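Numbering that gives the first Met the number 0 puts the first residue of the sequence shown at 0, with every later residue one more than the last. Note that the Cβ used here is the ideal one computed from N, Cα and C, for glycine as well. Just so you know, these numbers come straight off a predicted model, no measurement behind them. As structure tokens, the structure follows; a few thoughts come after it.
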Amino acid sequence: MTDGHFMNNTVSGSEPESERTPSQVRIPSKRWRVVDIAVASVIGVASAVIYWVVAMVTTIPWSFLDGVVPGLGGILNGLYLFAGPLALVIVRKPGAAVYAELVAAILESLLGSQWVPVETILIGLLQGFMAELVFMLLRYRRWNMPTVALSGGAAGFGCWLYSFCTHLQAINLTGPYGVIYLIATLISGALIAGVLVWYLYKAIAATGALDRFASGRDIRMAGK
């Protein structure tokens, strides 16, 4: 999480934002509120339960896909990557992706993950950091579908990177953690943890449930 550095430029007059100079456009506060922590936590908890279920129901499909083309099972990895991009696009605070993924990883471990708890937490942190990195490089000022898709893809790269570095016997790029696994995971991350997350966020915001967030108000105003 952030230590609360933020800018709060006030805007005078009622001119449309498109007519204001960059210095006049209000930059949202990066300070975490109680509601931000609560919502990011709920996303992390819900994601953990989904990850846990997905791990059980995708065992057979994963084996089948890997049997067809080694590494193709990575196309299912997006189902484990959405907590970070979803938390970040809703809460819009630095550290939201890392926090949500950490909560999800810890709870998934407590539920009985098929992986060693330490590994589950480490890969969760790496995926959260990579999802965060895209928004960080854009200074947390781009909240659109391409950015969320890039974030999901970056989380996928983190997933692949952890697998690649911890399975030294498969470092050969033609192995199961090689090029095919990388491409499949990137596509899955961009589509499931990116594009699908974007439309999920819009659907939630359209109900008014996110009106306490700038992310929710943006969608509601765009619909008027």
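Asked	Found
The region 90-106 in contact with the region 127-136 per 3-pair CB rule at 8 Å	yes
Boundaries (first-last residue) of the alpha helix (DSSP H) holding Thr146	Met144 to Thr165
Nearest to Tyr146 (by Cα), restricted to the options Leu87, Tyr79, Arg32 and Leu124	The question names Tyr, but residue 146 in the sequence shown is Thr. Selected option, being the one with the closest Cα: Leu87.
Euclidean distance between Cα positions of Trp61 and Arg219	39 Å
contact_flag[the region 204-213, the region 97-107] where n(CB pairs < 8 Å) is 3 or more	no
At least 3 beta-carbon pairs within less than 8 Å: the region 44-57 vs the region 145-165	no
Residue nearest to Ile186 in terms of C-alpha spacing, selected from Ala153, Met144, Phe212 and Leu199	Ala153
Between the CA atoms of Met144 and Leu89 - distance to the nearest angstrom	Here the sequence assigns Ile to residue 89, which means Leu is not the residue at that position. Spanning the two alpha carbons is a distance of roughly 13 Å.
Other residues of its chain near Gly157: CB distance less than 6 Å, five sequence neighbours each side excluded	Leu125, Gln126 and Met129
Straight-line gap, Val10 to Gly151 (C-alpha atoms, nearest Å)	Low per-residue confidence applies at Val10: pLDDT is 33, beneath 50, and the placement is therefore not dependable, though the value from the model is reported in the following sentence. Going by the C-alpha atoms only, they are around 34 Å apart.
Beta-carbon separation (whole angstroms), Leu85 vs Val196, contact threshold 8 Å	5 Å
Of the listed residues Leu160, Leu121 and Asn76, nearest to Tyr50 (C-alpha basis)	Asn76
CB contact flag (Leu149, Gly193, <9 Å)	yes
Neighbourhood of Gln113 by C-beta distance below 7 Å, restricted to the same chain and skipping five residues each side	Ala54
Close Cβ partners of Ile191 (< 8 Å) along its chain, the five nearest in sequence each way excluded	Gly77, Leu78, Leu80, Phe81 and Gly151
Rounded C-alpha distance that separates Ala189 from Val38	23 Å
9 Å Cβ cutoff met for Tyr180 and Gly72	yes
Inter-residue CB distance, Gly155 and Thr184 (contact presumed, cutoff 8 Å)	4 Å
Residue interval of the alpha helix (DSSP H) (run including Tyr139)	Note, Tyr139: premise wrong, no alpha helix (DSSP H); not H, not E.
Given Asp217 as reference, the closest of Val178, Arg141, Ile182 and Gly177 once Cα atoms are compared	Arg141
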